[in-house]
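Chains as they are written, first to last, in this note's numbering: chain A, 109 to 442; chain B, 6 to 399; chain C, 5 to 92; chain D, 9 to 330.
Quick notes on the structure that follows.
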Amino acid sequence: MSAASGQSAKITYREALRLALREALRRDERVFLMGEDVGRYGGSYAVSKGLLEEFGEERIRDTPLSESTFVGAGIGAALNGMLPIVEIMTCNFSLLALDQIVNNAATMRHMSGGQLSVPIVIRMATGAGRQLAAQHSHSFEGWYAHIPGIRIVAPATLEDARGMLWTALMDPDPVLMFEHALLYNLEGELAPDAGPVDIDRAAVRRSGDDVTLVTYGGSLGKTLRAAEQLGERGYGAEVIDLRTLRPLDMGTVLASVAKTHRMVIVDEGWKSGSLSAEIAARTTEDAFYDLDAPIERVCGAEVPIPYPRHLEEAAIPQVPGIVDAALRTVSRHV
Amino acid sequence: MYEFRMPALGADMEAGTLVEWKVKSGDPVRRGQVVAVVETQKGAIDVEIWQSGVVERLVVAPGMRVPVGEVLALLRTEGGEAPAGVAAVPASPAEAQRAATAPPAAPPSASAPAERVLRISPSARKRARELGLDLATVRPPTPDAPISLADVERAHAAASVRAAETPVQAADWRGQMRAAIAAAMSRSKREIPHYYLATDIDVTRLDAWLTAENLKRSVAERLLPVVPLMKAVALALHTVPELNGVWTGGAFQPSSQVHLGMAVAMRGGGLVAPAIHDADRKSLDELMANLRDLVTRVRGGRLRSSEMADPTVTLTSLGDLGVDQVVGVIYPPQSAIIGLGTVSERPWVEHGALVVRKVVTATLSADHRVSDGHRGALFLTELRTLIQEPEKLG
Amino acid sequence: MITALTPDEARSALLEAICAIAPETEPGSVLPDRPLREQLDLDSFDFLNVIIRLHERLGIDVPERDYGELGTLKSAVDYLVRRTAAAR
Amino acid sequence: MSNATSPVTLLKEMLRVRRFEEKCAELYGAGKIRGFLHLYIGEEAVAVGAMQALQPEDAIIATYREHGHALARGISAGVLMAEMYGKYEGCSHGRGGSMHIFDARMRFYGGNAIVGGGLPLAVGFALADKLTRRPHLTACFFGEGAVAEGEFHESMNLAALWQLPVLFLCENNLYAMGTALERSESQTNLCEKAESYRVPVRAVDGMDVAAVMSATAQAAAEVRGGGGPQFVEFRTYRFRAHSMFDPELYRSKAEVERWKQRCPIKTCTERMVGQGVLDAASVAAIEREVDEEIAAAVSYAESGTWEPVENLLQDVYTARAT
């Protein structure tokens, strides 16, 4: 990044994350990064490439394949005054650390009557789309969003990839950051002065009057493409990027629904007992009389993600499905 | 010839930069030999070739970034012919599937129960409550569709129009109008003590200004002479408010707004005087557009009764037919009617000399209960003054 | 785009415009030499609407000073033929 | 298969694995195989040698680097290749791909892509056999990286505590993805870890197919004899990167070259040629046979079918008669 030039530069999502890591490591001595292959290997998604050389083994720590322990160790270090960033290779492996996240990180403040803080950030890749089959492709962010005591964020843009980490580290509570694996190659312009961003508010990525499309993370791009196609057919679609999945910024969602009266939720996670179910439920609780059509959900099919490309594509939200769902909400022929 | 292509080294690799060739043109290569180094997001990776042969040509130079599947080099194979190797990324099977499969038929809707519960969207229900609209009167576009917000809005708009537009049967139309005119005029002559004033007004300047103005305009934008006269009448009424308002409950109620009733003859007999609202505040173009719309609809028999309800004063112009002057009968409950005759060239004395001028005769019939002749004369004088400066009527 | 009109074409264009404004008009019964406005009960608005319609259909802009030439059916047809021929 | 497996057969089996995977690497570059592809090249002696000690009734649980084990177990190259493609003719109907090879008839139970995930399963398999008094064992392959997971320790403990017939087969290729053993283990002697749970151990040169076969056979005999679990460590090396998308920043090319000199196929061939068991012509004949088998496997996969999208939701639950 040539900040001196004042020009915005081409950058990938992966590089934006790396900038954020570098900034955090430089700004505060308490920050360190640990996880499987984050050092010598350069990160399984190459996010931390080069950081070992810059910051050394003390602060860029390769761990054994011991998810429960290194996540738990991060929580312990956070309790004891550090600001750890823990990378779990994919959210599928985070299940091995579920006990530490749910039973320790999420509960410490409450169990101690407010005495303790756990200022940890746990980053992990999520999502399907690379034919990695049923043990490497799932989206568990909605699951974690079930848990009180942790904050869940999902950067979907370069600005958020660059800006969410520091804000998350400054949050005294544990923050889980879900990075959709297909976003790492996302490339675009980023202002040289891009910096920390809020992790409280949803963002309206496109405005429209006819239907609200609510999404986040890896589905944002597909949803924006669907909105374009709806625009070509004469329907104004408003696209909301949730950004933070817990706590949900329902104010932004409900304000949009009050305008459009129609809603489609796009989420790669499964429907049953999900984030999309939660958003739909809260909308009917708080904005029932604004709705002019049943809420539609475009979600992962209720199946472990299969390996073949055509089946994987059919198992997760795609642009035509989003367009069709939105058309059902605006059509009077239900 | 065998085409050595940029391999896909990872599921998310889209392109790579060729860093180095480990072979050169003319070199023999073995299957499995590392022939190039490619830089990826994850770093430099040695790339092997899966065909033995002799390098014919290196297609891509080091430093170039090329997408997966692009030819990097050409290889001469021993047998001459390259084996029918696997070369290209297959078309997406999902696409093939999509092409081959028709979109699934919509699931059959549950058989309709004998008595349907009205299906209404929540926002439609809320809006109907706000509007006081009976949802039983709202029809969705198809019988099995639920009632939407748009259906409610549409039903509301239609109901408003129906309320305003009491449909009149064509056969009764003239008879009813005749009866209404008879009743109104009889009442006027019975109840309203009229007084009458008349004056001739030189409109030469107005005529010249209008001609010049219309020359600049296309056909559809031209102004008729009555339009600046309307504006002048509306403005002159500010001077004598007793002429603009309604007699109601035994007293006159002046109106702060000038709703100028325009007497328009129906084709084949009959008369209506619909209002042009706020005539004093409208530009000439707006007045022309309003008037044209009204007249067109009156003469086409498509006027809404609501438009006739609330004039505060009336203007009648019979200039088209060459009459010199018209002395009107006041429309109750108004208190005045202004009449304009034909604009014609007349002998005119000016500064002791006889000249020819374009002249119109303006009359005022007014309610003596509300005003008297002096006030009426003030109005006509103001009207004359205003007409002398047509450019200010804009 | 103005195209030259024959007298028949001019007559039918004019009568079409008049009938649109005054629907009760019987085209066959319009007398060629009697003033149109009297015969057909056209007021100045009707007349203006006829002029506007002719402009829309034929592209002919009749200036105010020529309104007198459209007094009767015959003179109006002559006028339209002349105007469109001139435009050729 | 039995202990009487001839050296020539062992060589051919290793060659099958090697050529199959080389073809996979080529097909991956061409976009025919997608997802992750973890190759076993260099480690063939372990799967091939160990598999000779197992009976058809024994259960096998492996990792995501399991093509060699599947081939050595007897799953046909064509069915395996079809699975690599994601075709319906694959052993898992294409649903699993490279990392999830399952063939219940062969008692081959994956194909587990979570490191350490297979070890508790193996304990359960053995428990079931013990409870039903079946004389079988369960062979569990895993890499040395899994030793860092809690599952390793918990499984080792439980299998020993309950004296279950598990054959723990640790493929120590020195790198857990990109992390060297000494960078992830305080105690790099893996046998000592197993011994601490009172599981008998053996450490073997994993580049020598005959040694692998012999050590595994001895350990298997102990298990079958009712002596509880056994742990065998095979010291081996993968010649290729962890997966296709790995620039190998964590190890030197010289180190890789040193290990390549110990290529199990190369040393096995040289030994047999030296002993006069094989000559150049017979080696070429084996190569030809293997090449033909692999070519046929590719044709089989190429001509396979894509499962219709309408089937997407199948095999999530047991199909029920309607």
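Backbone N, C-alpha and C define an ideal beta-carbon position, used for all residues, glycine too.
Query - Within 7 angstroms of chain B by C-beta, residues of the stretch 140–156 of chain D in sequence order - result: Those would be none; no residue qualifies.
Query - Rounded straight-line distance, which links the Cα of A/Glu165 to that of D/Gly76 - result: Taking the straight line from one Cα to the other gives about 36 angstroms.
Requested in this report: Could you tell me which of C/Leu84, C/Leu77, C/Pro36 sits nearest to C/Gly63, measuring between CA atoms?
Outcome: With distances taken between Cα atoms, C/Gly63 lies closest to C/Leu84.
Requested in this report: Report the neighbours of A/Gly150 on chain B: residues whose CB is nearer than 7 angstroms to its CB, in chain order.
Outcome: When 7 angstroms is used as the limit between beta carbons, A/Gly150 is near these residues of chain B: Lys47, Gly48, in chain order.
**Report entry** Rounded C-alpha distance that separates B/Ala92 from B/Gln56
**Finding:** The predicted position of B/Ala92 is uncertain, since its pLDDT is 41 and thus under 50; a value taken from the coordinates is nonetheless stated next. About 12 angstroms.
Query - C-alpha gap between A/Asn293 and B/Trp26, whole angstroms - result: The straight-line gap from Cα to Cα measures roughly 26 angstroms.
**Report entry** Residues that B/Thr386 bridges to, as DSSP identifies them
**Finding:** DSSP lists no partner for B/Thr386.
Query raised in the report: For B/Pro172, which three-state DSSP category applies?
Result: Only weak support exists for where B/Pro172 lies, its pLDDT of 46 falling under 50; the value from the coordinates is given anyway. Looking at B/Pro172 - three-state DSSP - the assignment turns out to be coil, as it is neither helix nor strand.
Report task. Only counting runs of 3 or more residues, tell me where the beta strand (DSSP E) segments fall wholly within the stretch 210–297 of chain D, in order along the chain. Result -> Taken in chain order, the unbroken stretches of beta strand (DSSP E) that lie wholly in the stretch 210–297 of chain D and span 3 residues or more are 238–243.
Query raised in the report: Taking 8 angstroms as the CB-CB cut-off, is A/Gln426 touching chain D?
Result: With 8 angstroms as the cut-off, A/Gln426 does not count as an interface residue toward chain D.
**Report entry** Opposing strand residues paired with B/Pro259 [DSSP bridges]
**Finding:** Answer is B/Gly250.
Query raised in the report: Taking just the CA atoms, how far does B/Val34 sit from D/Lys31?
Result: When the Cα atoms are used, D/Lys31 and B/Val34 turn out to be separated by approximately 17 angstroms.
Query - Short-range partners of chain B found in the stretch 387–418 of chain A, where Cβ spacing is below 8 angstroms - result: Here the close residues are Phe396, Tyr397, Asp398, Leu399, Asp400, Ala401, Pro416, Arg417, His418.
Query raised in the report: Would you call B/Asp149 buried or exposed, if buried means 16 or more other Cβ atoms sit within 10 Å of its Cβ?
Result: So B/Asp149 ends up on the exposed side.
Requested in this report: May I have a chain-ordered list of the alpha helix (DSSP H) segments no shorter than 4 residues that lie completely inside the stretch 13–96 of chain D?
Outcome: If only complete runs of 4 or more residues are kept, the stretch 13–96 of chain D shows the alpha helix (DSSP H) at 15–37, 52–59, 75–81, 85–93, in order along the chain.
Query raised in the report: Taking DSSP as the reference, what is the three-state secondary structure of B/Thr319?
Result: It is a strand residue.
Query raised in the report: Which residues mark the beginning and the end of the alpha helix (DSSP H) in which A/Tyr252 is found?
Result: Start and end: 249–252.
Report task. Output yes or no for whether 8 angstroms exceeds the beta carbon distance between A/Ala236 and A/Ser245. Result -> Yes, Cβ-Cβ distance for A/Ala236 and A/Ser245 is below 8 angstroms.
Query raised in the report: If you drop the 5 nearest sequence neighbours on each side, which residues of the same chain put their C-beta closer than 7 angstroms to that of B/Ala78?
Result: The answer, listed in chain order, is Phe9, Val60, Arg62, Leu63, Val64.
Query - Best match in A/Leu266, A/Ser364, A/Leu284 for proximity to A/Leu328 [C-alpha to C-alpha] - result: Closest by alpha carbon: A/Leu266.
**Report entry** Three-state secondary structure assigned by DSSP to A/Glu346
**Finding:** Correct three-state label for A/Glu346: strand.
Query raised in the report: Just curious, the beta strand (DSSP E) that B/Leu77 is in, first and last residue?
Result: First-last of the beta strand (DSSP E) with B/Leu77: 76–81.
**Report entry** Alpha-carbon to alpha-carbon, B/Ile392 and B/Leu320
**Finding:** Answer to the nearest angstrom: the Cα atoms are 16 angstroms apart.
Requested in this report: Would you mind stating whether B/Arg304 and B/Arg351 have Cβ atoms separated by less than 8 angstroms?
Outcome: No; because the gap between Cβ atoms is not below 8 angstroms, this pair is not in contact.
Report task. Please state if the CB of B/Thr368 and the CB of B/Ala203 are separated by a distance shorter than 8 angstroms. Result -> Taking a C-beta distance under 8 angstroms as the contact criterion, B/Ala203 and B/Thr368 qualify as a contact pair.
Query raised in the report: How many whole angstroms separate the CB atoms of D/Val306 and D/Ala58, which I take to be in contact at a CB cut-off of 8 angstroms?
Result: No, D/Val306 and D/Ala58 are not in contact; Cβ-Cβ is about 27 angstroms, not under 8 angstroms.
Requested in this report: Note down, in chain order, each residue of its chain lying with its Cβ closer than 7 angstroms to the Cβ of A/Leu224, except the 5 sequence neighbours on either side.
Outcome: Excluding sequence neighbours, A/Leu224 sits near Leu187, Met216, Arg217.
Query raised in the report: Count the other CB atoms within 10 Å of the CB of B/Ala104; is the residue buried (16 or more) or exposed (fewer)?
Result: Confidence is the limiting factor: at B/Ala104 the pLDDT is only 41, short of 50, which leaves the residue's position unreliable and the question unanswerable from this model.
Requested in this report: For D/Gly284, verify whether its CB is less than 7 angstroms away from any heavy atom of the ligand NAP.
Outcome: Only the bare structure without any ligand can be found here, which leaves the ligand NAP out of the picture.
Query raised in the report: Given 8 angstroms as the limit, is there contact between the stretch 231–239 of chain D and the stretch 172–192 of chain D, that is, 3 or more CB pairs closer than that?
Result: The stretch 231–239 of chain D and the stretch 172–192 of chain D touch, with no fewer than 3 CB-CB distances between them shorter than 8 angstroms.
Query raised in the report: From the beta carbon of D/Ala121, is the nearest beta carbon of chain A less than 8 angstroms away?
Result: For D/Ala121, at least one C-beta of chain A is nearer than 8 angstroms to its own C-beta.
Requested in this report: Work out the CA separation of C/Leu74 and C/Asp37 for me, nearest whole Å.
Outcome: Using only the alpha carbons, I get a separation of about 11 angstroms.
Report task. Check distances from the C-beta atoms of the stretch 283–309 of chain B to those of chain C and list, in chain order, the residues that come in under 8 angstroms. Result -> Under the 8 angstroms Cβ criterion, the stretch 283–309 of chain B contributes Leu296, Arg297, Val300, Thr301, Arg304, Gly305.
Query raised in the report: To which residues of the same chain is D/Cys99 closer than 7 angstroms at the C-beta, ignoring the five residues directly before and after it?
Result: So the qualifying residues of the chain are Ile83, Val87, Leu88, Glu91, Ile109, Phe110, Asp111.
Query raised in the report: Based on Cα-Cα distance, which residue from B/Thr22, B/Ala239, B/Pro316 lies nearest to B/Ala41?
Result: Restricting attention to B/Thr22, B/Ala239, B/Pro316, the CA atom closest to the CA of B/Ala41 is found in B/Thr22.
Report task. Would you mind telling me which residues of chain C sit closer than 9 angstroms to B/Asn219, beta carbon to beta carbon, in chain order? Result -> Neighbours of B/Asn219 on chain C, chain order: Pro67, Glu68.
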